[in-house]
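Single-structure report; data block below.
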Amino acid sequence: MPDELDEILRSEETIEPSPDFVSSVMRAVYRESTELPPLRFPWSRFGIGVAACGLMTGSASALWSRVEVSAPHVLIHLASLNSVVPQLAYATATILIALVLLSLPRLTGRDA
Amino acid sequence: MTSDDQDAAAVARVIAGDPGAFGDIVRRWQHRLVNLAWRFCRHHATAEDMAQEAFLKEYRSLGSFRGESQFSTWLTAVALNTYRSRLHRERPLWLGREAPEPVDTAPGPQTALEQGQRAEIVRRAVLTLPARYRNAICVYYFEGRDTGESARVLGIPEGTLKARLHRARELLRPRFASLGLPLSDLQTEIP
Chain A
4 MPDELDEILR SEETIEPSPD FVSSVMRAVY RESTELPPLR FPWSRFGIGV
54 AACGLMTGSA SALWSRVEVS APHVLIHLAS LNSVVPQLAY ATATILIALV
104 LLSLPRLTGR DA
Chain B
423 MTSDDQDAAA VARVIAGDPG AFGDIVRRWQ HRLVNLAWRF CRHHATAEDM
473 AQEAFLKEYR SLGSFRGESQ FSTWLTAVAL NTYRSRLHRE RPLWLGREAP
523 EPVDTAPGPQ TALEQGQRAE IVRRAVLTLP ARYRNAICVY YFEGRDTGES
573 ARVLGIPEGT LKARLHRARE LLRPRFASLG LPLSDLQTEI P
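Residue numbers (our numbering), protein chains in the order written: chain A, 4 to 115; chain B, 423 to 613.
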C-alpha cells in the first residue's frame, strides 16, 4: 500500500543557494575574525570582591561586638577629628588631582 | 582526497588562523545546510539567513570538533540546534508566510497543481507539530530516511526517534484526513 505522507515528505523539493551566498557568509566570517572577542564578565574578580566584602563585614561585626562601644561614643570620637578636616580635604584633593592627571592620556585617547 | 579529508584539512587551516579556509567548508556544505533550513521555514531568504547563522556558529565552535563523529554529522547537529533556537524565537512570524491557498477536497480529477498544493500543505502541517516531532520528521526525511544518522544528528537514541516519528504520524493523521487523503496511508511502519 503506497504511503502518500511518506511519498510527499520524501519528495521534498530542494532549493539552490543564491550565487552570492558563500561570499555573504565569508564576509560575516571575516568580520567575526577581525572583531575583538566580547568582554567576559570578570567572575574571578567579582568573587574576590564579594569574599573581601564578606570578610570585612565579618571582621567589623566581630570587632564591634568585642570593643563594645556605643554609637554616642563613636560620634564623640568622630567630632574630635574636626580639627584635622582641612588637612584631610587637602589630602583628598591632592589624590583626586593626581588620579585625574594620570588618567588624562587615556581620557584623551592617547597612550602614555 | 576524500570529502572527509578535505574537511579535516580545512578545519585544521581555520584553527591555525586562516579564516579563508572556512570558505571551502561553506562551498561544500551550503546546499545541505540551506536545504535543511528550508525544511524548517519554507522561505528561501530566511533559509539562507538561518544557514549563514549556522555557519557562523560553526566557525566559532570549530575548535570543539574532536572528530568523534563525522564532520557532516557535527555540522548538521550544530545547524539543527541553531535552527531550533531560531524557530523558538521567530516561528510565529514564519508560519503562514507564502502559504498556498487551501485546495478543494471535493472528489474529482486532481490536477498536478492541486496535488502540489496539497503536498505543500502537508509539509507546512509538519511545521506546526510540537518541536520534538517536527524535528524528528524533518531530519528523518532530510537524511534519506536513515534512522541511525537522524538519531545521531538529533542526539537521541534510535528507539526514541522511531517513537517520535510514530507519534508525529498520529498527530498528522487528522490534518491529513481533512485534506481528503485516506487514513490508511498513515499506517506504514518506520523501519
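Beta carbons are placed, not taken as given, at the ideal position from N, Cα and C, and that holds for glycine.
1. B:LEU478 CB to nearest chain A CB: under 9 Å?
2. With DSSP run on the structure shown, which of helix, strand or coil describes B:LEU576?
3. For the candidate residues B:GLU470, B:THR468, B:LEU455, B:VAL548, whose alpha-carbon lies nearest to that of B:TRP496?
4. Suppose you measure from the CA of B:VAL448 to the CA of A:LEU107; what does that come to, to the nearest Å?
5. Are B:LEU478 and B:ILE437 close, meaning C-beta to C-beta below 9 Å?
6. Any beta carbon from chain B within less than 9 Å of A:THR95's own beta carbon?
7. Please confirm whether A:GLU38 has its beta-carbon closer than 9 Å to some beta-carbon of chain B.
8. For the structure I just gave you, are there three or more beta carbon pairs, one from the region 464 to 471 of chain B and one from the region 561 to 579 of chain B, closer than 8 Å?
9. A:ARG13 CB to nearest chain B CB: under 9 Å?
10. Straight-line CA distance for B:GLU592 to B:ALA553?
11. Residue range of the alpha helix (DSSP H) that B:ARG464 falls in?
12. Tell me which residues of the region 457 to 485 of chain B have at least one Cβ-Cβ distance to chain A shorter than 8 Å, keeping chain order.
13. Enumerate in chain order the residues of its own chain whose CB-to-CB distance from B:LEU551 is below 8 Å, with the five nearest sequence positions on each side excluded.
14. Return helix, strand or coil for A:ALA115, following the three-state DSSP convention.
15. Beta carbons nearer than 8 Å to chain B: which residues of the region 38 to 62 of chain A have them?
16. With a 10 Å radius around its C-beta and 16 neighbouring C-beta atoms as the bar for buried, classify A:ARG34 as buried or exposed.
The short version:
1. Translated into the one-based positions of the second sequence, residue 478 of chain B becomes position 56. Chain A contact via Cβ: present.
2. As a working note, residue 576 of chain B is residue 154 in the second sequence. B:LEU576: helix per DSSP, three-state reduction.
3. As a position in the second sequence, residue 496 of chain B is number 74, starting the count at 1. It is B:LEU455 whose Cα lies nearest to the Cα of B:TRP496.
4. Position 26 of the second sequence, counted from the start, is the residue given in the question as residue 448 of chain B. Position 104 of the first sequence, counted from the start, is the residue given in the question as residue 107 of chain A. The straight-line gap from Cα to Cα measures roughly 47 Å.
5. Translated into positions along the second sequence, residue 478 of chain B becomes position 56. Translated into positions along the second sequence, residue 437 of chain B becomes position 15. The answer is no: Cβ separation not under 9 Å.
6. Against the first sequence, residue 95 of chain A aligns to sequence position 92. So no, A:THR95 is outside the interface.
7. As a first step, residue 38 of chain A must be located in the first sequence, where it is residue number 35. No, no contact with chain B.
8. no
9. Taking the first sequence and counting its residues from 1, the one referred to as residue 13 of chain A is at position 10. It does; some Cβ of chain B falls within 9 Å.
10. Position 170 of the second sequence, counting from 1, holds the residue named residue 592 of chain B. Position 131 of the second sequence, counting from 1, holds the residue named residue 553 of chain B. The alpha-carbon atoms of B:GLU592 and B:ALA553 are separated by roughly 15 Å.
11. Here residue 464 of chain B refers to the residue found at position 42 of the second sequence. Per DSSP, B:ARG464 belongs to no alpha helix (DSSP H) and is neither H nor E.
12. ASN457, TRP460, ARG461, HIS466, ALA469, GLU470, ALA473, GLN474, PHE477, LEU478, TYR481, ARG482
13. Numbered from its first residue, the second sequence carries residue 551 of chain B at position 129. Closer than 8 Å at the Cβ level, and outside the excluded window around B:LEU551, lie ILE559, ALA590, LEU593, LEU594.
14. Translated into the one-based positions of the first sequence, residue 115 of chain A becomes position 112. Here the model assigns A:ALA115 a pLDDT of 39, short of 50, so the residue's position is not dependable, and the following value carries that caveat. A:ALA115 falls in the coil class under three-state DSSP.
15. none
16. For this step, residue 34 of chain A is matched to residue 31 along the first sequence. Exposed: under 16 other Cβ atoms inside 10 Å.
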